[in-house]
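Per the numbering used here, numbering of the sequence shown is gapless, rising by one per residue and ending at 275.
Just so it is clear, CB atoms sit at the ideal spot from N, CA and C, and this is done for glycine as well.
Here is the structure we will look at.
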Amino acid sequence: MKSIIKNKVADKFREIKEKGGTALIPFIMAGDPEMAATFTILPYLEKGGANLIELGIPFSDPLADGPVIQEAAQRALANGFRLQIFLRLLAKNRRLVSIPIVLLVYYNLIYQYGTERFLAEAAEAGVDGLVIPDLPPEEASGLQLPTEKNGIALNMLVAPTSSPGRIKAAAALTTGFIYLVSVRGVTGERPTLPPDLPELAGRVKKLTGHPVAVGFGISQPAQARQISSFADGVIVGSALVRKLAANAGSSPVAAGEAGAAFLRSLHEAMAGAAQENRENGLVEPFPW
C-alpha cells in the first residue's frame, strides 16, 4: 500500500478533492513591478478563489517562459529584485494569505544561493513547495530529502513528450503534485488546448499516483472548466500576469482587484464542472 505523503501542498489537494473540486493555482511574478506590490496583490488572489499560489522568482534566462512572463521578470529585476530580501519580506508578510505558497524557481538561482541555505530560508519564510523547471529527474534526487526535511513539497514537471519511464522518475521524486505542461513550447495564452490533453492527463495520473495540475496556455474560464473535468489542478499564469500589469499603473490595489475578478471567473467555471461531476457520479477516487 502506498504511503500517504504529508505536507501542506499534498494536504490541500486532498482537502479539495474530498469536496469533489479542482485546485485553482494562479501564478504571479514576485517583485513585479516591485516587491511591495506583490504583498498587496497576494490577498486578492486568495479572495478570488485561489487554493494555492505559485510565485515565480525572476531569472535573467527563463527558458520555459513566454514573452509575458519574461517581461514580468525583467520588470522585477530592473526594479532591484533580490532573492534574499524577498524571502525576508515573505517571512514578514506570510500571514497575509492562509493557502500554500509554491515558488517556481530556476535551479541556477538555488545553486548560486546555496541549496541548504535556500531551503532553510524558504521554509522559514513560509514556502510550502517548489517547482524547478530546469531540473530534470535525473538531477533532482539530491533535493528530495532536503526538501522533505524542511517541510517543502517538491513538484516535478512532466511534458507531452515525456516517456513513461521519465514520468515515473518524476513521480518518484514528487511529494506534492505533478505539473503537467499542456503543450510543447513556452508559457503563454492559447486560444485552444490540445485535443489529446484529457488522455495525456489520465495517463500521467495512472503512472504517477499523484495529483496532476495542468499549466501553460490556460487563459479563459471555458478552458479552466474543461481542464477541471479531468485534472486535479488548473494553473493560470500569463493571462493573470498580463491583467495585473495592465492595472499596475493605477495602483497595486487596482491590480489585485482585477486579478481577483479574473480568478473568480475561472473559479465559478470550475465550480460548475465540479457540480456536474458530482451530479453524474464522476468524482474519482484518489490514491494520494
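- Between I88 and V118, the C-beta spacing is not below 8 Å.
- In the DSSP secondary-structure assignment, G116 is bridged to V89, A140.
- Excluding the 5 residues flanking it on each side, A59 has same chain C-beta neighbours closer than 6 Å at M16, D19, V228, in chain order.
- For I15, there is no enclosing alpha helix (DSSP H); the enclosing beta strand (DSSP E) covers residues 10 to 16.
- Annotation for G43: the continuous beta strand (DSSP E) segment containing it runs 40 to 43.
- Residue pairing from DSSP places Y166 in a beta bridge opposite L144, A200.
- The way I'd put it, the stretch 24 to 40 does touch the stretch 243 to 257; three or more beta-carbon pairs between them come closer than 8 Å.
- Remark: C-beta atoms of K(-1) and I86 approach each other more closely than 8 Å.
- Between N142 and V(-4), the C-beta spacing is below 8 Å.
- Of the other Cβ atoms in all chains shown, fewer than 16 fall within 10 Å of the Cβ of A209; this residue is therefore exposed.
- Distance from the CA of A78 to the CA of Q71, rounded to the nearest whole angstrom, comes to 11 Å.
- In the DSSP assignment, the residues bridged to G220 are A10, A200.
- Just measuring C-alpha positions, the residue of I56, A247, A65, K155 sitting nearest L91 is I56.
- A straight-line Cα-Cα distance of about 22 Å links A112 and N66.
- The beta carbon of Y31 sits closer than 7 Å to the beta carbons of G243, E244, G246, A247 from its chain, once the five residues preceding and following it are set aside; these are given in chain order.
- In chain order, Y93, Y94 place their CB closer than 6 Å to the CB of D121, counting only its own chain and leaving out the 5 sequence neighbours on each side.
- One thing to note: V191 has its Cβ no nearer than 8 Å to the Cβ of S206.
- Ranked by Cα distance from I44, the first of E135, V145, Q61, A10 is Q61.
- For A109, the CB contacts under 8 Å within the same chain, skipping 5 residues up- and downstream, are L74, L90, L117, N137, I139 in chain order.
- For S169, same chain residues with a beta-carbon under 7 Å away, outside a window of 5 residues either side, are L180, P181, L184, V201, G202, F203, G204 in chain order.
- Between I3 and the set R69, R81, D219, L50, the nearest pair of CA atoms involves D219.
- Taken through DSSP and simplified to helix, strand or coil, A37 comes out as coil.
- CA-CA distance, A146 to H197, rounds to 15 Å.
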